[in-house]
Amino acid sequence: TLDVQSEPGRGSRFEIRLALPQDADATPPAALKPQRVMLAEARPDCREATQALLRHVGLGEGLSACADAAALLTALDGARRNNEAFEWLLLDWQLPTPGPTGAELLARLRRDHPSLRVVVLSPPGLDDGPAHARAFGARALCPKPLLPGDLRRLLGHAPSDVRAPVDSQSLANLRVLLVEDHPVNQEIALRVLSSRGAHVDLAGNGQEGLDKLQAGGPSAYDLVLMDLQMPVLDGLTATRRLRELPGFEALPVLAMTAHALAEERAQCLAAGMQGHIAKPLDVARLVRELQRYRPTPAPVPPPPVLDMIAGLRHFDGQVALYRRTLQSFADQYAGGLAAWAGWLAGGEWTELRRAAHTLQGLGATLGALNVQRSAVALERSAAAADAGAAGGHLSRVEAALTALLGEIRQVLVEHGAAPAPVVVGPGDLAELRHLLSQSDSRALDWWQAHGHHSGLDDATVQRLEQALAALDFDAATLTLKGTA
């Protein structure tokens, strides 16, 4: 039945009732084991709906909810003090203030509640902010609206028949012509191949397949999947005619048929086919067979010595500031790394590791990927006190740095000399202090841009870098309190 109630100025209500039979054989999924779950959701309607869903799957007893970051942190801290810490947090990515939001909130949670498992919820169509959530400690990402199956998978108690994730790149860029007349077989093969990254075109019989191949030319496809029993023109005849066309002598063709007799396989090979795939499809075997025909990827070009586009992103597009920083970097490292070689020879691992850490941060900020990567490798070998590995990595750092300094000089000549760098003294650190007091991740960007000419002594710089690397904004604030 359908019922409609409408009132001028207030709106309309539509209600539909359906009598549906109950599946007598259906087995309801088992409830999840009791767990302590916190839901942080800004919108009241979404919060109520998600709470109802959590109760539906058996998690109502240990469930709490809040609407903003400040309330969330208060609840988490209180539960921990009472030895009732939450096990899971379902976190709305757009959680409003007061309190930290987004990546800042995740960094705080990782620091203060390291055992809390966080699932980030985001509405469809949101920008790529949530895509970076894993880097800040999120266990999983899930688009809204949540479904019962989502919760069972996310909270680790999915039924055993949940499908394993599909490798969406196992057939990436493979171009396939599927010649098949049956709509069901077409749909199955199309879904299997497309979900794994292949590009698939369809033809309904052998003649359509030949027409598509001739229209596209010998290089249009990497592979043809050819059904044998089709109207108009069968697969064997179509393959024989294909082999007579100039340029198509070597294009791989695999037969698809419900029969697997030795005689039929011999006919396929005689017609010019390379192999035989039995129906119904064994997906794993099909994918393994097709992977042999994936095109060889083009070699990845080496990263540029200085990626100015990437570097400028870290400076919010401020060209003058970027140029000044390039000049300051060039001045700082113009004398080479003789001191680093001395640290290595003397086993002064702390000094070597600190210097490599600073360089890798500067390289990342400027857009110098080679310098960043080689400095990271040196930092790790210094942390392990591995003299042999550190020596090789130091040589690579020196080579990458030499190339970078040459590139910077060329850039500064082409674009004009940079204005003199502005030295930030200990008394001019108010902006950094403010960012740290707010647990604002932009403090990291500020330090990357200004830290190397902040005027602070080496010991203070080292303590600050260690605190910022650990996202310990409180420790960084305490370090700065000792400066004027």
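For the sequence shown, this note's numbering begins at 672 and goes up steadily by one.
The beta-carbon is built from N, C-alpha and C at its ideal position, and this holds for glycine as well.
Note that this is a predicted model, so its numbers are computed, not measured.
| query | Between L977 and L1037, which are expected to be in contact by the criterion C-beta below 8 Å, what is the C-beta distance as a whole number of angstroms? | reply | Position 306 of the sequence shown holds residue 977. Position 366 of the sequence shown holds residue 1037. So it is a contact: roughly 7 Å between Cβ atoms.
| task | State yes or no: is the beta carbon of A926 nearer than 9 Å to at least one beta carbon in chain D? | result | Absent here is chain D; the protein component of the structure consists of one chain.
| message | For E712 and L1106, what's the separation of their Cα atoms in angstroms? | response | Looking up residue 712 in the sequence shown gives position 41. Looking up residue 1106 in the sequence shown gives position 435. One Cα belongs to E712, the other to L1106, and the distance between them is close to 26 Å.
| query | Which residue comes first and which comes last in the alpha helix (DSSP H) that contains T928? | reply | For the purposes of this step, residue 928 is identified with residue 257 of the sequence shown, where counting begins at 1. No alpha helix (DSSP H) contains T928, which is instead part of the beta strand (DSSP E) from V924 to T928.
| Using the beta-carbon count (16 or more within 10 Å), is G1122 buried or exposed? | The residue given as residue 1122 occupies position 451 in the sequence shown. By the neighbour-count criterion, in which a residue is buried when 16 or more other Cβ atoms sit within 10 angstroms of its Cβ, G1122 is buried.
| task | Determine the closest residue to L787 out of D748, C813 and L818, with distance taken between C-alpha atoms. | result | On the sequence shown, residue 787 is found 116 positions in, with the first residue counted as 1. For L787, the closest of D748, C813 and L818 by C-alpha to C-alpha distance is D748.
| message | Using only the alpha-carbon positions, how far apart do A886 and D953 sit? | response | Counting from 1 along the sequence shown, the entry for residue 886 is found at position 215. Counting from 1 along the sequence shown, the entry for residue 953 is found at position 282. The alpha-carbon atoms of A886 and D953 are separated by roughly 31 Å.
| request: Since I believe L1015 is in contact with L1065 (beta carbons under 8 Å), could you give me their beta-carbon distance rounded to a whole number of angstroms? | output: Sequence index remark: in the sequence shown, residue 1065 carries index 394 (1-based). Sequence index remark: in the sequence shown, residue 1015 carries index 344 (1-based). About 6 Å; that satisfies the 8 Å criterion.
| My guess is that G1068 and L1008 are in contact by the Cβ rule of under 8 Å, so how many angstroms apart are they, rounded? | Along the sequence shown, one-based indexing puts residue 1068 at 397. Along the sequence shown, one-based indexing puts residue 1008 at 337. Contrary to the premise, residue 1068 reads as Val rather than Gly in this sequence. Going by Cβ atoms, the distance from V1068 to L1008 rounds to 7 Å, so yes, they are a contact pair.
| Which of the three DSSP states, helix, strand or coil, is assigned to V903? | Locating residue 903 in the sequence shown gives position 232, counting from the first residue. Secondary structure at V903: coil, using DSSP grouped into helix, strand and coil.
| field | Option nearest A690 by Cα separation, candidates R681, T672, P705 and S683 | value | In the sequence shown, the residue the question calls residue 690 occupies position 19. Considering only alpha carbons, the answer is T672.
| query | With 16 other CB atoms within 10 Å as the buried threshold, where does N1041 fall? | reply | For the purposes of this step, residue 1041 is taken as residue 370 along the sequence shown, with counting starting at 1. Buried: at least 16 other Cβ atoms inside 10 Å.
| message | Just to confirm, is the Cβ distance from V850 to A909 under 9 Å? | response | To locate residue 850, count along the sequence shown from 1; it is residue 179. To locate residue 909, count along the sequence shown from 1; it is residue 238. Pairing V850 with A909 gives a Cβ-Cβ distance under 9 Å.
| query | For G877, which three-state DSSP category applies? | reply | Your numbering for residue 877 matches position 206 in the sequence shown. In the three-state reduction of the DSSP assignment, G877 falls in the helix class, which pools H, G and I.
| request: State the CB to CB distance for the pair A1039 and L1075, rounded to an integer number of angstroms; the pair is presumed to be in contact (CB under 8 Å). | output: To locate residue 1039, count along the sequence shown from 1; it is residue 368. To locate residue 1075, count along the sequence shown from 1; it is residue 404. Contact between A1039 and L1075 is confirmed by a C-beta separation of about 5 Å, below the 8 Å threshold.
| field | Among D763, A860, I859 and P854, the one whose alpha carbon lies nearest that of P816 | value | In the sequence shown, residue 816 corresponds to position 145, counting from 1. Ranking the options by Cα distance to P816, first place goes to D763.
| said: Please report the straight-line C-alpha distance between N754 and A955, rounded to a whole angstrom. | reply: If you number the sequence shown from 1, residue 754 lands on position 83. If you number the sequence shown from 1, residue 955 lands on position 284. Answer to the nearest angstrom: the Cα atoms are 48 Å apart.
| said: Which residues does DSSP list as the beta-bridge partners of E686? | reply: Translated into positions along the sequence shown, residue 686 becomes position 15. Under DSSP, E686 forms a beta bridge with D674.
| said: If the criterion is Cβ atoms closer than 9 Å, does the pair R684 and S677 meet it? | reply: Along the sequence shown, one-based indexing puts residue 684 at 13. Along the sequence shown, one-based indexing puts residue 677 at 6. In this structure, S677 lies closer than 9 Å to R684 by Cβ.
| CB L884 to CB L913, shorter than 9 Å? | The residue you call residue 884 lines up with position 213 of the sequence shown. The residue you call residue 913 lines up with position 242 of the sequence shown. Yes, these two residues count as a Cβ contact at 9 Å.
| field | Nearest residue (CA-CA) to V728, options A746, L743, P715 and V708 | value | Residue 728 sits at position 57 when you count from the first residue of the sequence shown. For the options A746, L743, P715 and V708, the alpha carbon positioned closest to that of V728 is the one of V708.
| Backbone CA spacing between C939 and Y964 [nearest angstrom] | Here residue 939 refers to the residue found at position 268 when the sequence shown is read from its first residue. Here residue 964 refers to the residue found at position 293 when the sequence shown is read from its first residue. If I take the Cα positions, the gap works out to 18 Å.
| task | Under 8 Å by Cβ, that's how I've got S1112 and A741 pegged, so tell me the actual separation to the nearest angstrom. | result | The count along the sequence shown starts at 1 and reaches residue 1112 at position 441. The count along the sequence shown starts at 1 and reaches residue 741 at position 70. With 8 Å as the limit, S1112 and A741 do not qualify as a contact, their Cβ atoms being about 18 Å apart.
| query | Counting Cβ pairs closer than 8 Å, one from the stretch 1127-1145 and one from the stretch 777-784, do we hit at least three? | reply | Yes, the stretch 1127-1145 is in contact with the stretch 777-784.
| Supposed close pair Q962, L842 - CB separation, criterion 8 Å | Here residue 962 refers to the residue found at position 291 when the sequence shown is read from its first residue. Here residue 842 refers to the residue found at position 171 when the sequence shown is read from its first residue. Contact between Q962 and L842 is confirmed by a C-beta separation of about 7 Å, below the 8 Å threshold.
| Thinking just about the alpha-carbon of each residue, which of P705, A736 and L730 is nearest to the one in C717? | Counting from 1 along the sequence shown, the entry for residue 717 is found at position 46. Residue A736 holds the alpha-carbon nearest to the alpha-carbon of C717 among P705, A736 and L730.
| In chain order, what residues of the same chain lie with their CB nearer than 6 Å to the CB of A918, ignoring the 5 residues before and after it? | Along the sequence shown, read from residue 1 onward, the residue named residue 918 stands at position 247. Sequence check: residue 918 is Gly here, not Ala. If we look at G918 and ignore the five residues flanking it on each side, its Cβ neighbours are P889.
| Just how far apart, CA to CA, sit R752 and T1131? | Numbered from its first residue, the sequence shown carries residue 752 at position 81. Numbered from its first residue, the sequence shown carries residue 1131 at position 460. Annotation: R752 to T1131 spans about 33 Å, alpha carbon to alpha carbon.
| query | Exposed or buried, R995, counting other C-beta atoms within 10 Å across all chains shown (16 or more means buried)? | reply | Taking the sequence shown and counting its residues from 1, the one referred to as residue 995 is at position 324. So R995 ends up on the buried side.
| query | Exposed or buried, what is I980 when buried is set at 16 or more other beta-carbons lying within 10 Å of its beta-carbon? | reply | Position 309 of the sequence shown, counted from the start, is the residue given in the question as residue 980. Exposed: under 16 other Cβ atoms inside 10 Å.
| task | Let me know the beta strand (DSSP E) ranges lying completely inside the stretch 690-745, each 3 residues or longer, listed in chain order. | result | Counting only runs of 3 or more, we get 708-711 and 734-737.
| How big is the Cα-Cα spacing for P715 and A738? | Position 44 of the sequence shown, counted from the first residue, corresponds to residue 715. Position 67 of the sequence shown, counted from the first residue, corresponds to residue 738. Going from the Cα of P715 to the Cα of A738 covers about 8 Å.
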